[in-house]
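Okay, so here's the structure we're looking at.
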Amino acid sequence: MKLSERLRTVEAVIISHKDFSEADRLVILFSLESGKIRALAKGVRKIRSRKAAYLEPFMHSKVVLARGKTFWIVTQADAIHNNLAIRDSLIKTAQAAYVMELTDRFSIEEEPDPAVFRLLVNTLNRIDEDKDAYNALRFFELRLLDRAGFRPDLTDCVGCGKKITAQDQYFSMMQGGVLCPACGKLHNHARKVSVNALRFIRYFQRSVFSDIVDVSVPSAVQAEISALMNSYISSIMERKLNVPDFLKQVNRMAADDRHVK
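Note that numbering that gives the first Met the number 0 has the sequence shown beginning at 0, numbered continuously upward.
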């Protein structure tokens, strides 16, 4: 086996980890060079481990890997960006966990996707630095859906093919797009979507992030869009996502705290 096949240095974001033995952890990371990788980090649960701090979720790290019998083995790790504000805020932690869950669900092991890696890194930086990451999360969802081949059709009715006009519509999870009012009424599974929600989603879908960073989405429309995107992504995954309920609970707690103050 060539050295390049036995050793690999990657730039990666740590998606998650779980205890593997008394001293080891199994780490899932998403790398620029190799996509999603499962790697065994030996000895990181020991107090003196130097690698442990750089293999925590949301870390952007440089990781050296060696080929093992079952998993890649982490031999070295160093920080590129710590994303410290994420770990200091429950809301930011929940938002970042949602991004990690989507990345994990939509990625295939050892299939490189540099565009998704850059999207992931940029989104984590936005969560880490910005006061309100709502637009960043919606942008991430829409771009990830594009890359995965599940771009929702928001301009033409997926039932009859007619152009969508400026009025309340329906959304079909099964067909992956908007239904006009006439077609929507024929499908029991279709979900109503307001003209305002559809307007913002369409704008986010066709824009670069710099165009939407300062866009203010009304709170009621935010909730509608979040629920719609959650339902659509869950239908693609054919299973419920884990983080959105936790994120809603955290946001509710934060809103209650602001109300008390």
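The beta-carbon is built from N, C-alpha and C at its ideal position, and this holds for glycine as well.
- Only exposed fits isoleucine 107, as fewer than 16 other CB atoms lie within 10 angstroms of its CB.
- The continuous stretches of alpha helix (DSSP H) do not include isoleucine 107, and DSSP gives it neither H nor E.
- The beta carbon of lysine 239 is closer than 6 Å to those of Ser233 in its chain, skipping five residues each way along the sequence.
- One thing to note: leucine 118 has its Cβ within 8 Å of the Cβ of leucine 143.
- In this structure, DSSP gives threonine 8 an extended state, which the three-state scheme calls strand.
- Of the residues assessed, arginine 125 falls on the buried side of the cut-off, its CB having 16 or more other CB atoms within 10 angstroms.
- For the 8 Å CB-CB criterion, isoleucine 72 and leucine 64 form a contact.
- In this structure, the alpha-carbon of asparagine 250 lies about 7 Å from that of isoleucine 90.
- Taking all protein chains in view, the Cβ of threonine 102 is crowded by 16 or more other Cβ atoms within 10 Å, so the residue is classified as buried.
- DSSP places leucine 185 in no beta strand (DSSP E); its state is neither H nor E.
- Among the bridge pairs identified by DSSP, arginine 37 is matched with Ile27.
- In the structure shown, the three-state DSSP call for serine 206 is coil.
- Assignment of beta-bridge partners to arginine 66 by DSSP yields Trp71.
- Taking each of Thr8, Arg47, Leu185 and Met236 in turn and checking the Cα distance to lysine 61, the smallest one comes out for Thr8.
- Sequence-distant partners of alanine 51 (beyond 5 residues in either direction) whose C-beta falls short of 6 Å from its own C-beta, in its chain, are Val43.
- For lysine 162, the three-state secondary structure derived from DSSP is strand.
- Straight-line measurement puts the Cα of glutamate 223 at about 25 Å from the Cα of asparagine 121.
- C-alpha of isoleucine 163 to C-alpha of arginine 198: approximately 11 Å in a straight line.
- In the pairwise beta carbon analysis, the segment 199-212 is classified as touching the segment 129-140: at least three pairs are separated by under 8 Å.
- As computed with DSSP, tyrosine 169 is found in a beta bridge with Leu178 and Lys191.
- Residue burial annotation: cysteine 159 is exposed, with fewer than 16 other C-beta atoms found within 10 angstroms of its C-beta.
- For serine 48, no alpha helix (DSSP H) encloses it, and the DSSP letter there is neither H nor E.
- The criterion of a C-beta distance shorter than 8 Å is satisfied by alanine 93 and leucine 246.
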